[in-house]
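Accompanying notes for the structure given below.
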Amino acid sequence: MSASVARTDASSAPGVAAAVEARKFSFWYGEKQALFDIELSIPSNGITALIGPSGCGKSTFLRSVNRMNETLTDIRREGDMLLHGKDIYGSGVDVVDLRSRVGMVFQRSNPFPKSIYANTAYGPRINRGLRGRALDEVVEVSLRRAALWDEVKDRLGTNALGLSGGQQQRLCIARALANEPEVLLLDEPASALDPVATQRIEELLFELKSQLTIVIVTHNLQQAGRLSDRTAFFYLGRLVEVGPTDVMFTRPREERTEAYITGRFG
Amino acid sequence: MSRRRRQAQSVMMISMTYAAAAIATLPLLLILLHLLREGAAFIRPGFFTEMPMPVGEDGGGMANAIVGTLILVGVASVIGLPIGIGAGMYLAERRGAPFATAVRFLSDVLNGLPSIVLGIFAWEFLVRPFGGFSAMAGGLALGAMMIPLVTRTTEEMIRLVPVSLREAALALGYTRWRTSMTIVLRTALPGIVTGALVAIARIAGETAPLLFTALGNQFWSTSLDEPIAALPLQIFSYAISPYDTAHAQAWAGALVLIAIVLVISLIARYATRSRFGLGGD
Numbered sequence: 110m111s112a113s114v115a116r117t118d119a120s121s122a123p124g125v126a127a128a129v130e131a132r133k134f135s136f137w138y139g140e141k142q143a144l145f146d147i148e149l150s151i152p153s154n155g156i157t158a159l160i161g162p163s164g165c166g167k168s169t170f171l172r173s174v175n176r177m178n179e180t181l182t183d184i185r186r187e188g189d190m191l192l193h194g195k196d197i198y199g200s201g202v203d204v205v206d207l208r209s210r211v212g213m214v215f216q217r218s219n220p221f222p223k224s225i226y227a228n229t230a231y232g233p234r235i236n237r238g239l240r241g242r243a244l245d246e247v248v249e250v251s252l253r254r255a256a257l258w259d260e261v262k263d264r265l266g267t268n269a270l271g272l273s274g275g276q277q278q279r280l281c282i283a284r285a286l287a288n289e290p291e292v293l294l295l296d297e298p299a300s301a302l303d304p305v306a307t308q309r310i311e312e313l314l315f316e317l318k319s320q321l322t323i324v325i326v327t328h329n330l331q332q333a334g335r336l337s338d339r340t341a342f343f344y345l346g347r348l349v350e351v352g353p354t355d356v357m358f359t360r361p362r363e364e365r366t367e368a369y370i371t372g373r374f375g
Numbered sequence: 052m053s054r055r056r057r058q059a060q061s062v063m064m065i066s067m068t069y070a071a072a073a074i075a076t077l078p079l080l081l082i083l084l085h086l087l088r089e090g091a092a093f094i095r096p097g098f099f100t101e102m103p104m105p106v107g108e109d110g111g112g113m114a115n116a117i118v119g120t121l122i123l124v125g126v127a128s129v130i131g132l133p134i135g136i137g138a139g140m141y142l143a144e145r146r147g148a149p150f151a152t153a154v155r156f157l158s159d160v161l162n163g164l165p166s167i168v169l170g171i172f173a174w175e176f177l178v179r180p181f182g183g184f185s186a187m188a189g190g191l192a193l194g195a196m197m198i199p200l201v202t203r204t205t206e207e208m209i210r211l212v213p214v215s216l217r218e219a220a221l222a223l224g225y226t227r228w229r230t231s232m233t234i235v236l237r238t239a240l241p242g243i244v245t246g247a248l249v250a251i252a253r254i255a256g257e258t259a260p261l262l263f264t265a266l267g268n269q270f271w272s273t274s275l276d277e278p279i280a281a282l283p284l285q286i287f288s289y290a291i292s293p294y295d296t297a298h299a300q301a302w303a304g305a306l307v308l309i310a311i312v313l314v315i316s317l318i319a320r321y322a323t324r325s326r327f328g329l330g331g332d
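Taken in sequence, the protein lines are chains W and V. Numbering follows the numbering used here, in which position 194 of the first sequence is assigned residue number 303; successive positions increment by one, without gaps. Numbering follows the numbering used here, in which position 261 of the second sequence is assigned residue number 312; successive positions increment by one, without gaps.
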């Protein structure tokens, strides 16, 4: 059922480049199956929101795209996950390389207990071996892209833990951007932030979406509605429906989608 | 009435915990006071620079024992710290693995092992086969004592590092070992340093493992393959001698030993506080 929905979706038609594509992707934590035959194609650039009640598998799906799930033990998967047409679980794929191409921002901001500069420079210093001026430049560009530069440019050497919660989260976005990723995954990035800080993050993502494929997991339906171009609704480990956000929010095909979006369950 | 009674109970319980806390520090205070009274008079510059006099004669110092203790602690640290920290990292990273569980259990056992047993063991395997007592054997015995202490504190400290930090580094494309070495170890470092210094303070005062290994030495020696003097050994041999001057020397030596341990503890405190670590924001 979910498969047929995904197939009729216009953007997964042949010829349109998908940044991320799941093909009959299933995932297990031990005995418990968390994802069932997910068929989902995420087009390049723009923002795709993954919504659904807690435990529906949306975070598991997100963490399968950069193989972060592999840090756990006793997991199993089936099916394929393609990044620009290439299987990320293929034998020749270096997970370290994959993760520098697919950035991730977590629910709680997690800057390293180091300076703002060191946090931002972390990826490019190791992954691309940048030093000196070149590194300074990447740090500045990344902080500017994350709309944080003006607030921190005079105190790059101070500890990142001294920043406010919203600033810390934008620093985490800057840190991910410094790797120049093709895809940016965000796992409820604003759920621990106040409305003002949340709005800044949303504006920032809106700015970034023209150059970057953004996939965001959110419990905040208004956020999904405001922010995303496309929305995918997960329920009990299955992809129920995916489509353009305005369609999903006004006239979804599936009754369960409508029920969730109108707040009747979830 | 019941409200009054509850308050009275509360006051009583709080006073009891205060009393317990005061009694807990009492032994240390009494020891320090006694050491100061008995030993302080003998602490003079010469005590740190002069060699010990033959037992029964006045004067002399403990220069060789002080240097000997530093050498022994140095050898023990070179052995104990890298192995202990490495093992602690392993235990923290591979929490549930059968080998990790076994190592954790065995290091707890080793932690609880009476140090005299360790000394006899060291004599059997480090002294007898090599034909004599040596500073090296003493340092190794102390190092073996350090390993489980350092292992367990390192593991605890690394476990305190939030998973989110580890995930952040992995998500940036860091390999597992680089994540461990840079982010995890760096974040846990103040705690690990404290654990290491506490372990050093602990072994600096050990006597039993040295009785069968370093043996002690009345003369100046800094050689690793000769018997070497150590403060605890010197204190021991003076304390069991029948002369009052020797007893006074022992008190003074004990005072110096406690001062060394105190300084190490203070450094440990400072090392933890001066860096941004876990917990605080």
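Backbone N, C-alpha and C fix where the C-beta goes; we use that ideal spot for every residue, glycine too. Note that the structure is predicted; figures quoted are calculated from it, not measured.
Query	Result
Rounded to whole angstroms, what's the CA-CA distance from Arg253/W to Gly194/V? Just pull it up for me.	51 Å
So for Gln58/V, helix, strand or coil by DSSP?	helix
What residues in the region 216–232 of chain V have a beta carbon less than 9 Å from any beta carbon of chain W?	Leu216, Arg217, Glu218, Ala219, Ala220, Leu221, Ala222, Leu223, Gly224, Tyr225, Thr226, Arg227, Arg229
According to the neighbour-count rule (16 or more other Cβ atoms, all chains shown, within 10 Å of its Cβ), is Gly139/W buried or exposed?	exposed
With which residues is Gly155/W paired in a DSSP beta bridge?	Thr322/W
Considering only the alpha carbon of each residue, which of Gly346/W, Tyr198/W, Arg309/W lies closest to Val174/W?	Tyr198/W
Mark Asn162/V as exposed unless 16 or more other C-beta atoms lie within 10 angstroms of its C-beta, in which case mark it buried.	exposed
State yes or no: is the beta carbon of Gly242/V nearer than 9 Å to at least one beta carbon in chain W?	no
Pick from Tyr141/V, Met196/V, Gly190/V: whose alpha carbon is nearest that of Leu164/V?	Met196/V
Compare the C-beta of Ile209/V against all C-beta atoms of chain W and say whether one is closer than 9 Å.	no
The region 213–224 of chain W: which residues have C-beta closer than 7 Å to a C-beta of chain V, in chain order?	Met213, Phe215, Arg217, Asn219, Phe221, Pro222
Find the residues of chain V that neighbour Asn329/W, judging by a C-beta separation of less than 9 Å, and give them in chain order.	Those within 9 Å of Asn329/W in chain V number zero; the least Cβ separation is about 21 Å.
Starting from the C-beta of Pro199/V, find all residues in its chain whose C-beta is less than 6 Å away, skip the five residues before and the five after it, and write them out in chain order.	Ser158, Leu161, Asn162
Expressed to the nearest angstrom, what Euclidean distance is found between the alpha-carbon atoms of Phe99/V and Ser272/V?	15 Å
Considering Leu258/W, what are the terminal residues of the alpha helix (DSSP H) in which it resides?	Position check: residue 258/W holds Trp in this sequence, whereas Leu was assumed. 258–261 is the extent of the alpha helix (DSSP H) around Trp258/W.
Taking 9 Å as the cut-off, decide whether the C-beta atoms of Trp137/W and Ala131/W are in contact.	no
My understanding is that Val247/W touches Tyr226/W, with C-beta atoms under 8 Å, so please give their C-beta distance in whole angstroms.	That pair is no contact at about 11 Å.
If we count the other Cβ atoms within 10 Å of its Cβ and call it buried at 16 or more, is Arg242/W buried or exposed?	exposed
Just how far apart, CA to CA, sit Leu282/V and Leu77/V?	25 Å
Got a sec: is the Cβ-Cβ distance from Gly147/V to anything in chain W below 9 Å?	yes
What is the rounded straight-line gap between the Cα of Pro152/W and the Cα of Thr204/V?	49 Å
For the pair the region 206–226 of chain V and the region 179–190 of chain V, tell me if three or more CB-CB distances fall below 8 Å.	no
Pair every Cβ in the region 256–272 of chain W with every Cβ in the region 221–240 of chain W, then say whether three or more of these pairs are closer than 8 Å.	yes
Across which residues does DSSP place Phe172/V in a beta bridge pair?	The partner list for Phe172/V (beta bridge, DSSP) is empty, contrary to what the question assumes.
Any residues in the region 222–250 of chain W with a beta carbon nearer than 7 Å to a beta carbon of chain V? Which ones, in chain order?	Pro222, Tyr231, Gly232, Ile235, Asn236
How would you write the range of the alpha helix (DSSP H) that Thr204/V sits in, first residue to last?	186–211
So Asp296/W and Leu181/W are in contact, right, with Cβ under 8 Å, and what is the actual spacing, rounded?	Their Cβ separation, rounded to whole angstroms, is 15 Å, which puts Asp296/W and Leu181/W out of contact at 8 Å.
Could you confirm whether any beta carbon from chain V is found closer than 9 Å to the beta carbon of Ala255/W?	no
Can you give me the start and stop residues for the beta strand (DSSP E) that Asp296/W sits inside?	292–296
Determine the chain V residues that contact Asp183/W at a beta-carbon separation under 9 Å, and present them in chain order.	Neighbours of Asp183/W on chain V: none; closest Cβ ~10 Å, over 9 Å.
Which value, in whole angstroms, describes the spacing of the CA atoms of Val356/W and Gln320/W?	24 Å
With distances taken between CB atoms, is the gap from Leu207/W to Arg176/W smaller than 9 Å?	yes
Compare the C-beta of Asn154/W with all C-beta atoms of chain V and state if any pair is closer than 9 Å.	no
If you draw a straight line from the alpha carbon of Thr169/W to that of Asn178/W, how long is it in whole angstroms?	7 Å
Measuring only the C-alpha atoms, how far is Ser309/W from Val261/W?	The displayed chain sequence assigns Arg, not Ser, to residue 309/W. Each residue's Cα considered, the two are about 15 Å apart.
Listing by chain order, which chain V residues have their CB less than 9 Å from the CB of Asp206/W?	Gly224
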